[in-house]
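S.K.:
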Amino acid sequence: MLWQTWPMKFFAPSVSAAEVEFTAIRAQGSGGQNVNKVSNAVHLRFTVRTSSLPQDIQARLLALSDQRISAAGVIVIKAQSSRSLEHNKAQALARLQDLVDRAARVPKRRLATRPTLGSEQRRLQGKAKRADIKSQRCRVAGVD
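Using the numbering used here, the letters of the sequence shown map in sequence onto residues 135 to 278.
1) Measuring alpha carbon to alpha carbon, tell me which of K223, I203, Q225 ends up nearest R183.
2) Please confirm whether A228 and N222 have their CB atoms less than 7 Å apart.
3) Kindly indicate which residue of K171, I267, A175 has the alpha-carbon position closest to the one of L219.
4) Give the DSSP-derived three-state secondary structure of L196 in the structure shown.
5) Which term fits S185, buried or exposed, when burial requires 16 or more other beta carbons within 10 angstroms of its beta carbon?
6) Rounded to the nearest angstrom, what separates P147 and K263 at their Cα positions?
7) For A213, list the residues DSSP reports as bridge partners.
8) Helix, strand or coil, according to DSSP, for A237 in the structure here?
9) What are the partner residues of T181, as DSSP defines its beta bridges?
10) Hey, is Q231 close to the ligand ADP, as in C-beta under 6 Å from one of its heavy atoms?
11) Give the DSSP-derived three-state secondary structure of A158 in the structure shown.
12) If you measure between the beta carbons of R179 and A237, is that distance less than 7 Å?
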């Protein structure tokens with residue numbers, strides 16, 4: 135039997151529920167009879183620097199340009215789409231896990247390349263043609 139080399143599957147570390155802090159808040163928007171009594175929305179707080187995530191993933195998480203990540207390294211996610219507190223907690227955890235999954239992927243290094251000779255020539259021809267078109271827009275000297 136021949137062994138084939140399959141591409142390795144991508145496994146991102148999962149976020150532990152013990153490292154996450156939930157706060158129940160009142161949801162925004164219109165509601166029914168319980169709008170002023172029931173807190174169904176959830177604020178999830180996750181401190182990146184004190185988490186059990188590997189250091190490289192923590193660094194990529196903190197480097198993301200996401201408005202949910204504060205300067206202190208705390209991720210705050212608000213979930214309020216469901217009427218159930220448990221569904222909103224699950225949705226917030228899923229969003230946090232998605233954020234960690236994105237940070238866990240190692241970005242590919244870009245190889246520096248040079249433009250081909252043909253592309254350089256086409257670019258310069260296009261510039262010359264455009265310059266010629268613009269130069270023909272001015273007034274012709276000596277013609278009345």
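Ideal Cβ positions, reconstructed from N, Cα and C, are used throughout, including at glycine.
M.R.: Reading off the structure:
1) Considering only alpha carbons, the answer is I203.
2) No. Outside cutoff.
3) Distances from the CA of L219 to each of K171, I267, A175 were compared; the closest alpha carbon is that of A175.
4) Helix at L196.
5) Its Cβ being crowded by 16 or more others within 10 Å, S185 is buried.
6) When the Cα atoms are used, P147 and K263 turn out to be separated by approximately 55 Å.
7) Residue pairing by DSSP places A213 opposite V176 in a beta bridge.
8) Note: A237 maps to helix in three-state DSSP.
9) According to DSSP, residue pairing for T181 in a beta bridge involves V208.
10) As for the ligand ADP, it is missing from this structure, which has no ligand bound.
11) Note: A158 maps to strand in three-state DSSP.
12) No; because the gap between Cβ atoms is not below 7 Å, this pair is not in contact.
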